Amino acid sequence: MVQIKCTTQEQALLRKLLFQNSKMIASDFKPALEPYEKNFKASFVMPIAPLSQVDIGKLTNDAGCAVCGKRTTSRCTGCLSVAYCGQACQKAHWKEHKGFCKTIRGGTWRTVTFGKHFQVDGKIMSAASINHSSGKLNTALDASNDPPANARGEKLFLVKIQRPVVPDPSPRAMMMVYDRGRSFEGYVVRADNPGVYEEIMRQMPEGSQKLKVYRWARRVEDWKLSICLDREPEQVPQW
Ligand SMILES: [Zn+2]
Ligand SMILES: [Zn+2]
1 MVQIKCTTQE QALLRKLLFQ NSKMIASDFK PALEPYEKNF KASFVMPIAP LSQVDIGKLT
61 NDAGCAVCGK RTTSRCTGCL SVAYCGQACQ KAHWKEHKGF CKTIRGGTWR TVTFGKHFQV
121 DGKIMSAASI NHSSGKLNTA LDASNDPPAN ARGEKLFLVK IQRPVVPDPS PRAMMMVYDR
181 GRSFEGYVVR ADNPGVYEEI MRQMPEGSQK LKVYRWARRV EDWKLSICLD REPEQVPQW
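Using UniProt numbering, read the sequence shown as starting at 1 and increasing by one per residue.
#1: In whole angstroms, give me the CA-to-CA distance for Pro164 and Ala173.
#2: Using the Cβ count rule (16 or more neighbours within 10 Å means buried), how would you classify Ser88?
#3: Would you be able to state if there are at least three C-beta pairs under 8 Å between the segment 193-201 and the segment 104-113?
#4: What are the boundary residues of the alpha helix (DSSP H) that Met201 is part of?
#5: Scan the segment 7-84 and note each continuous beta strand (DSSP E) run of 3 residues or more that stays entirely inside, going in chain order.
#6: From Ile4, Asp179, Asn21 and Met175, pick the residue whose C-alpha is nearest to that of Gln238; which is it?
#7: Going by the beta-carbon positions, is the gap between Val188 and Phe114 smaller than 8 Å?
#8: Secondary structure at Gln3, three-state DSSP: helix, strand or coil?
#9: What residue range does the beta strand (DSSP E) around Gly186 cover?
#10: When you measure from the CB of Cys68 to every non-hydrogen atom of ligand 2, does any distance come out below 7 Å?
#11: Comparing alpha-carbon positions, which option in Met175, Gly186, Met176 and Gly181 lies nearest Pro148?
#12: Cys79 to Asn145, Cα distance in whole Å?
#13: Hey, would you say the C-beta of Cys76 is under 7 Å away from at least one heavy atom of ligand 1?
#14: Decide if Met175 is buried, meaning its Cβ has at least 16 other Cβ atoms within 10 Å, or exposed.
#15: Count the other CB atoms, across all protein chains shown, that sit within 10 Å of the CB of Ile4; report buried if there are 16 or more and exposed otherwise.
#16: Measuring straight from C-alpha to C-alpha, what distance separates Glu234 and Ile124?
#17: Can you look up Ala217 in the DSSP assignment and give me helix, strand or coil?
#18: Tell me which same chain residues have a C-beta within less than 6 Å of the C-beta of Ala191, skipping the five on either side of it?
#19: What are the residues that DSSP puts in a beta bridge with Trp109?
#20: Taking Gln90 as part of the alpha helix (DSSP H), name the residues at either end of that continuous run.
#21: How many angstroms separate the CA atom of Phe19 from the CA atom of Leu13?
#22: Which word fits Tyr84, buried or exposed, when buried means at least 16 other C-beta atoms lie within 10 angstroms of its C-beta?
#23: With DSSP as the reference, please indicate the residues paired to Gln209 in a beta bridge.
#24: Taking 7 Å as the line, does the beta carbon of Gly107 fall inside it for any heavy atom of ligand 1?
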């Protein structure tokens with residue numbers, strides 16, 4: 001056991017945390033106990049393993065007001081992207097939020113339907129990728145039809161959209177859309193997105209040097225992503 005010093009308030013907090021977490025332990029988990037431990041309850045303080053992107057997403061899903069965390073349904077009316085419980089919190093946050101808000105304000109948003117498999121002639125292709133949070137090489141082919149985990153809830157995040165390198169006029173032409181940590185990765189097929197596919201292509205026309213753009217996006221449904229088409233992030237990342 002590690003010994004730590006804490007105040008009585010901190011002790012009370014720790015007890016409360018242990019008590020709450022004890023309810024999350026499976027009832028059939030019965031470790032062997034020493035006689036003096038017979039009244040002990042199993043619990044834990046820290047997560048047993050590092051949190052995955054999905055776990056982090058669940059914890060931060062509805063973070064409430066961006067300043068105080070209070071539950072709210074109101075958002076900044078300029079960009080509709082940040083939640084505030086009221087004017088006081090919005091005012092307090094403005095200095096920090098101003099730049100982003102002006103970037104995104106008045107942008108053109110389009111909803112795209114995406115799939116999660118890279119397909120060639122209807123055949124699912126496998127791709128190896130590095131999981132940046134674990135550092136492990138992920139070669140498993142997830143052929144299930146479950147939608148990819150939504151790690152960000154309704155929050156905006158930056159995606160990279162890559163157009164086909166070779167011009168592809170076919171209805172099966174697809175763009176790849178993913179975030180920096182690849183906790184989100186999807187394929188936007190022309191046939192599934194009539195008109196919108198072309199609108200996105202206009203941001204990186206065939207024949208131009210532009211093969212990719214970075215855009216703000218928000219997951220709106222299991223298979224739908226809303227993308228701000230015509231607003232570049234304040235600082236264009238490179239990943
Ligand atoms: Zn607030
Ligand atoms: Zn705003």
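Backbone N, C-alpha and C fix where the C-beta goes; we use that ideal spot for every residue, glycine too.
Just so we're clear, the structure is a prediction, and the values are computed from it rather than from any experiment.
By the coordinates alone:
#1: 7 Å
#2: The sequence shown places Ala at residue 88, rather than the Ser named in the question. It is exposed - the Cβ of Ala88 has fewer than 16 other Cβ atoms within 10 Å.
#3: yes
#4: Val196 to Met201
#5: none
#6: Asp179
#7: yes
#8: coil
#9: Glu185 to Val189
#10: no
#11: Gly186
#12: 33 Å
#13: no
#14: buried
#15: exposed
#16: 36 Å
#17: strand
#18: Pro171
#19: Cys228
#20: Gln87 to Ile104
#21: 10 Å
#22: buried
#23: Its beta-bridge partners do not exist; DSSP assigns none.
#24: no
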